[in-house]
Amino acid sequence: MTAPVTLHYIYDPLCGWCYGAKPLVQAASQLLPVTLHGGGMMAGNSRQFVSPNLRDYVMPHDRRIAEYTGQPFGQAYFEGLLRDSSAVFDSAPPTSAVLAAEELAGRGLELLGRLQTAHYLEGRRIADVDVLLELASELGLEPQAFQAAFERNTGAVAVEHFKNSRVLLSRVGGQGFPTLVLEREGRFSLVDIGPYLGKPEAFAQSLRESAGLSVQGGTAPSCGLDGCAS
């Protein structure tokens, strides 16, 4: 019998390349279990209010991601959220929301995908708790139960989660977000998603043909530990 395989996904909800890889991760989730590890790219001291400097920094990278992956970025994001100086980019609240959705219903990946669409396409403020509650409710998660689970996964719990995710990232030799890694019988192997960005069907077929074995090497574009460049 073939040993079970798990796909570990080290991500950040504010990582543009993670949004670019969203269709690949969704395709993979139809084939094998996906375990989420939020990296806290813009949490704690790295959180920041939207500013002209932030906008000028992220926009060229976002346009490259759109061109490279085919993922849509909305005008509500480019001309709305990225011009809203009262908005804050903070990875902690949306990551806590993903943890809550996973805890309640095993739907963390589904909520992450909804958060990414809300941020990059709809220009929603996904660091705002009321927005998170609304999006979770959209998915059918019971509001009071979700809010309680969200609160359980904030603060020190979120900080510990980020720490553990960074430890895993270092252990597997990942360089940033997104990092995908397959685990079989305690052995980890990095997955090179670079050739498959924008090609989720080909990515799924690659996973099938390799029986869960990863493609080694590669230089897929990613977000660094403190922000998106490249």
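For the sequence shown, the working numbering begins at 18 and goes up steadily by one. Using N, Cα and C, we set each Cβ at its ideal position, and we do this for glycine too. All values reported here derive from a predicted model rather than from experimental measurement.
Three or more pairs of CB atoms, one per stretch, sit closer than 8 Å, so the region 104-114 contacts the region 60-70. Within the region 95-179, the alpha helix (DSSP H) runs of at least 4 residues that lie entirely inside it are, in chain order, 109-122, 125-137, 146-155 and 160-169. Taking Y28 as the centre and dropping the five residues before and after it, the same chain places the C-beta of C35, F194 and P195 closer than 6 Å to its C-beta, in chain order. Its chain contains L53 and G125 as the residues whose beta carbon lies nearer than 7 Å to that of E119, once the 5 sequence neighbours on both sides are disregarded; these appear in chain order. DSSP, reduced to helix, strand and coil, places F90 outside both helices and strands of the structure shown, so it counts as coil. Bridge partners of V67 according to DSSP: none are assigned. As far as DSSP is concerned, V189 takes part in no beta bridge. Only residues of its own chain outside the window of five on either side were considered, and among them H25, R188, V189, V198 and L199 have a CB closer than 8 Å to the CB of F205, listed in chain order.
For F205, the uninterrupted beta strand (DSSP E) run begins and ends at R204 to V208, by DSSP. Here the alpha carbons of G56 and P40 stand approximately 20 Å from one another. Counting C-beta pairs with one atom in each stretch, the region 66-75 and the region 152-165 have fewer than three that are closer than 8 Å, which means they do not touch. G130 sits away from Y94, with the two beta carbons spaced by 9 Å or more. Excluding its 5 nearest sequence neighbours in each direction, V146 has C-beta neighbours in its own chain below 8 Å: P110 and F167, listed in chain order. The three-state secondary structure of G33, taken from DSSP, is helix. Cβ contact annotation for E202 (same chain, cutoff 7 Å, sequence separation greater than five): A20, in chain order. Per DSSP, the continuous alpha helix (DSSP H) segment holding L224 begins and ends at P217 to E226.
Taken through DSSP and simplified to helix, strand or coil, G56 comes out as coil.
Counting the other Cβ atoms within 10 Å of the Cβ of N181 gives fewer than 16, which makes it exposed. A38 is the residue among Q192, A44 and A38 whose C-alpha sits nearest the C-alpha of G211.
The beta carbon of L132 sits closer than 6 Å to the beta carbons of P30, P111 and I143 from its chain, once the five residues preceding and following it are set aside; these are given in chain order. Of the residues assessed, G157 falls on the exposed side of the cut-off, its CB having fewer than 16 other CB atoms within 10 angstroms. Pairing R225 with L48 gives a Cβ-Cβ distance under 9 Å.
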